[in-house]
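Shown next, in structure tokens, is the structure this report addresses.
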Amino acid sequence: MVTKKPKTVIASLLAVTLIVSLGIFNLSVNTNPAKMYPEGHPARVSSMLISKARLGGFFPLSIVVEGDIKDPELMKKIDAVERQIKQMPEVGATQSIAKVTRQIGRALFSKNEPLYNEIPNSYEAISQYFELYMMSGDPDDLEKMVDFNFEKAMILVRFKDMNTPILRKCVKEIKAMVKDIPEVKYVGGNADIFSEMDKRIVDGQFKSLGMSLVAVFIILALAFGTRSVEGAFLQIIPLIMAILILFGVMGFAGIELNFTTALLSSIMIGVGVDYTIHLVWRYREERREGLQAAEAMQKTIHTSGRGIILNAVSVLRRLFFQHSFPCAFSAR
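Everything in the sequence shown is counted per my numbering, starting at 14 for the first residue and increasing by one.
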């Protein structure tokens, strides 16, 4: 078929590549570590339970505030930011020194009094709140929210959803929310790290693919002589088609791109260029023996091509057995 109807074969492969590559538009990036385990696995179930429990969630985000924390104006800013964040549906729980201040007010006053669940308007009143707390409570309870000198405070946010596209959206909204508050110095934490990782994966994927294809092009050109630049370019086309099909299948199958599945394209290039060199080298040898192009291709397919197919089937067989691995990224 390859030698008798080459145009039909090429047109068919291009059509299949075009159709399957449409799945790329469905491809999503998600570095949620819980999804590395299959549904029902204890690690995944426990993570989901923590996210849904009253503890608030699995991924924390910290907002660091610097200044005179006992200043009523700054304390109210912290309180306003926390309340605004708490209204986000993806947020499971928030914690801050302002929230503790309001809780002390609830303990000291009744519901019909002005300071019930409110931030006092004077520095002295806030200081008295915490002096009372230090005498009756454990000072260590506050160490995760404010330092000893009340110069640095932290708003802790926990998210219910561990999917990194959701985290990325929330972190972006929170950073925009606090960007005009000069006392807010840092916004970071696991939620920020994992949300940023998605962008790094996509950027790294494009860079690694580009560098790999350039390196393969140079290797092929050198392997088959300095006059084989055009031939090296033609040999890279099947690799590009294979990569498009790979990501298209992932998109249609709902397999998300993460820091493990992103390695598949590199593996494909490594294996593909190996097969390409074997096949083309044998074809050139047959041509040197005086065979016509069709005869040389047919003999190449029956010799080196058969070995390549057997090797590919062997690799696929090993990968197939990984489908039963407990970690989903190994199975995929």
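All C-beta atoms, glycine included, are put in the ideal place defined by N, C-alpha and C.
Using a Cβ-Cβ cutoff of less than 8 Å, which residues in the same chain neighbour residue i once the five nearest sequence positions on both sides are dropped?
| i | result |
| --- | --- |
| K188 | V200 |
| L304 | K312 |
| T44 | T177, F207, M210, D211, I214, N271, F272 |
| S135 | P85 |
| Q218 | L270, A275, S278 |
| K198 | V77, V78, E79 |
Could you check what DSSP says for residue i in three-state terms: helix, strand or coil?
| i | result |
| --- | --- |
| A344 | Low local confidence applies: a pLDDT of 48 at A344 is under 50, so the model's placement there is unreliable, with the coordinate-based value given in what follows. Note: A344 maps to helix in three-state DSSP. |
| S75 | strand |
| G267 | coil |
| K165 | strand |
| T44 | coil |
| G201 | strand |
| A275 | coil |
| G348 | The chain is shown from 14 up to 345; residue 348 falls before or after that span and cannot be answered. |
| F219 | helix |
| V326 | helix |
| F122 | coil |
Check the C-beta distance from residue i over to residue j and give it rounded, since I have them as a contact under 8 Å.
| i | j | result |
| --- | --- | --- |
| G105 | R171 | 5 Å |
| E196 | L87 | 6 Å |
| I258 | T30 | 6 Å |
| V286 | V229 | 5 Å |
| V94 | V191 | 6 Å |
| S221 | I256 | Not really, about 11 Å apart at Cβ, beyond 8 Å. |
For residue i, does the count of other Cβ atoms within 10 angstroms reach 16, so buried, or fall short, so exposed?
| i | result |
| --- | --- |
| K173 | buried |
| I32 | exposed |
| L329 | exposed |
| G70 | buried |
| A309 | buried |
| R181 | buried |
| I231 | exposed |
| M147 | exposed |
| V22 | exposed |
| G36 | buried |
I'd like the list of long-range same chain contacts for residue i, defined as Cβ closer than 7 Å, with 5 residues on each side in sequence excluded.
| i | result |
| --- | --- |
| L40 | F260, M263, G264, L270 |
| F82 | Residue identity check: residue 82 is Ile in the sequence provided, not Phe. Same-chain partners within the cutoff: M88, I110, V159, F163, E164, A166. |
| I132 | P85, M88, K89, D92, A111, T114, R115 |
| Q108 | M158, L169 |
Between the options, which lies nearest to residue i when the distance is taken from Cα to Cα?
| i | options | result |
| --- | --- | --- |
| T177 | K165, F161, M210 | M210 |
| I98 | I117, D84, I76 | I76 |
| D205 | F72, L276, L155 | F72 |
| S225 | V284, Q108, D153 | V284 |
| G202 | S34, L74, L35 | L74 |
Counting only the same chain and skipping the five closest in sequence on each side, list residues whose C-beta sits under 6 Å from that of residue i.
| i | result |
| --- | --- |
| R300 | A309 |
| N324 | none |
| S317 | H291, L292, R295 |
Does the beta carbon of residue i come closer than 8 Å to any beta carbon on chain D?
| i | result |
| --- | --- |
| S60 | Here there is only one protein chain, and chain D is not present. |
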